[in-house]
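Undergrad: Residue numbers for the sequence shown follow this note's numbering, beginning at 911 and rising by one.
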Amino acid sequence: MLNVKSKLQTCLLYFYFLGGTLIIEFNNDEILFLEGETGVVGIIKVAYENKMLFIATQNNEEIVQFLEKDDLIAVSNFKKDKRAIRSQAYLTREENSPLVILNKEHPSTKRLETVLSVGDRVCLNCNITPGTHPEQDVLCSCDSLSGLEISKTETGIKLNQYFDKYTIEKF
911 MLNVKSKLQT
921 CLLYFYFLGG
931 TLIIEFNNDE
941 ILFLEGETGV
951 VGIIKVAYEN
961 KMLFIATQNN
971 EEIVQFLEKD
981 DLIAVSNFKK
991 DKRAIRSQAY
1001 LTREENSPLV
1011 ILNKEHPSTK
1021 RLETVLSVGD
1031 RVCLNCNITP
1041 GTHPEQDVLC
1051 SCDSLSGLEI
1061 SKTETGIKLN
1071 QYFDKYTIEK
1081 F
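1. For serine 1127 versus glutamine 1046, is the C-beta spacing smaller than 8 Å?
2. Looking at the structure shown, is valine 998 part of a helix, part of a strand, or coil, going by DSSP?
3. Here's a check: name, in chain order, each residue in its chain whose Cβ is nearer than 6 Å to the Cβ of valine 950, leaving out the five neighbours to either side.
4. Enumerate in chain order the residues of its own chain whose CB-to-CB distance from phenylalanine 1073 is below 7 Å, with the five nearest sequence positions on each side excluded.
5. Is serine 1084 helix, strand or coil by DSSP?
6. By the three-class DSSP mapping on this structure, what secondary structure does lysine 989 have?
7. Buried or exposed: which applies to glutamine 998, given that a residue is buried once 16 or more other Cβ atoms fall within 10 Å of its Cβ?
Next up, the structure:
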């Protein structure tokens, strides 16, 4: 029923399939990978109190988003490159790297392979242009992950539906 492939997993994994939702628990030193057919989404916790995310918008403005330690950093990669996901998650959480939002017509949107969203809830969607959404509740993903809604819990995440293609690894 549960497809756990990671040999690096060091904690107990609890899951509950109740009322169409799935709860997956993991620690702050771990990363959860949701594995789609043509892409992967990696999720870590912010893990720090009083954290801020700086978002550079298309209008040359900067938005400051205040984060809670159990908020999510979700990173989507269209080439299934877990190393790229880990790198982007690290830069965001540990190095306070700002998030840059592009205009939908910007030529770089066609070359983006890794995009991210930070907050308490993320909806995966394959029908949006990568890197163009300043609101942090939507993230571009591959088709097979589109429609998943990821919400934070104190000790992990809650998915809006059952999903068994995931692993938990050391971050």
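Beta carbons are placed, not taken as given, at the ideal position from N, Cα and C, and that holds for glycine.
TA: Considering the structure as presented:
1. No answer is possible for residue 1127: it lies beyond the span of the chain, which begins at 911 and ends at 1081.
2. What sits at residue 998 in the sequence shown is glutamine, not valine. Helix, per DSSP.
3. Phe943, Asn987, Lys990
4. Leu932, Leu944, Leu1058
5. Lying outside 911 to 1081, the shown extent of the chain, residue 1084 is not represented and no answer is given.
6. coil
7. buried
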